[in-house]
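Residue numbers (the numbering used here): -10 to 240.
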């Protein structure tokens, strides 16, 4: 399994970045372009928009983890079809592909986050690192949550057909309702309470609070997120267990 995992990682790296001159730099550049766009759009009001935290740091702390989650989930939709040739080998199973893809996204976006934080430091924008253990905890739990969603998306992509397109739209909506580009505490009631049903908000907002202790944290309930993390992993593994034999027959 270890050999298969290593081979899958190397194949994913070659597939994702081997055909581009800039190679691995595309991951941070993609996020940097998005951040610059929002800095230009909200440049005039950014100090009022996010009190207690620099708006650049706010975007980095929210956008990079969400991008990891989104990539892990959406890339799982075509995992079975894209790796049909590899799945002919007995030593490689469908879950190995999801583990390899998910782990690769974790490494790419975690180091992208570090690179962007170092870049912000050159502009005298510093993240508070006293709560670094909380940030790492949030990244690990978000990765596990994403893995559970990826298992579900793999099955949906295999059986769903056109449903895959609806799922992509859903993640776009999720992007704008997870407080990625705006602080949710500025949203008035009752919409504020409705947004808190989104488990991603609690994880991402805790990362921001860890980086900037003055950032409001009264609405964060990380226990709620952890319950979702356990739930989606249980359901994802259960779904995979029931459909694995059917997917194996399609090799």
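From the three backbone atoms N, C-alpha and C, an ideal C-beta is built for every residue, glycine too.
DSSP-derived helix/strand/coil call for residue i
{"i": "residue 98", "result": "helix"}
{"i": "residue 19", "result": "helix"}
{"i": "residue 213", "result": "helix"}
{"i": "residue 119", "result": "coil"}
{"i": "residue 85", "result": "helix"}
{"i": "residue 222", "result": "helix"}
{"i": "residue 113", "result": "coil"}
{"i": "residue -5", "result": "helix"}
{"i": "residue 231", "result": "helix"}
{"i": "residue 41", "result": "coil"}
{"i": "residue 143", "result": "helix"}
Cβ-based burial, residue i [other Cβ within 10 Å; buried from 16]
{"i": "residue 43", "result": "buried"}
{"i": "residue 191", "result": "buried"}
{"i": "residue 202", "result": "exposed"}
{"i": "residue 242", "result": "As shown, the chain starts at -10 and ends at 240. That puts residue 242 outside it, with no answer to give."}
Residue i - containing alpha helix (DSSP H), residue span
{"i": "residue 194", "result": "188 to 200"}
{"i": "residue 57", "result": "44 to 64"}
{"i": "residue 153", "result": "152 to 165"}
{"i": "residue 252", "result": "This structure cannot settle anything about residue 252, because the visible part of the chain is limited to -10 through 240."}
When the Cβ atoms of the segment 95 to 113 are set against those of the segment 177 to 193, are three or more pairs found closer than 8 angstroms? With the rule of 3 Cβ pairs closer than 8 angstroms, the segment 95 to 113 does not count as touching the segment 177 to 193.
Three CB pairs or more closer than 8 angstroms across the segment 130 to 138 and the segment 84 to 97: Counting Cβ pairs under 8 angstroms, three or more are found: they touch.
Three or more beta-carbon pairs under 8 angstroms between the segment 159 to 172 and the segment 134 to 149, yes or no? Under the Cβ criterion (8 angstroms, minimum of three pairs), the segment 159 to 172 does not count as touching the segment 134 to 149.
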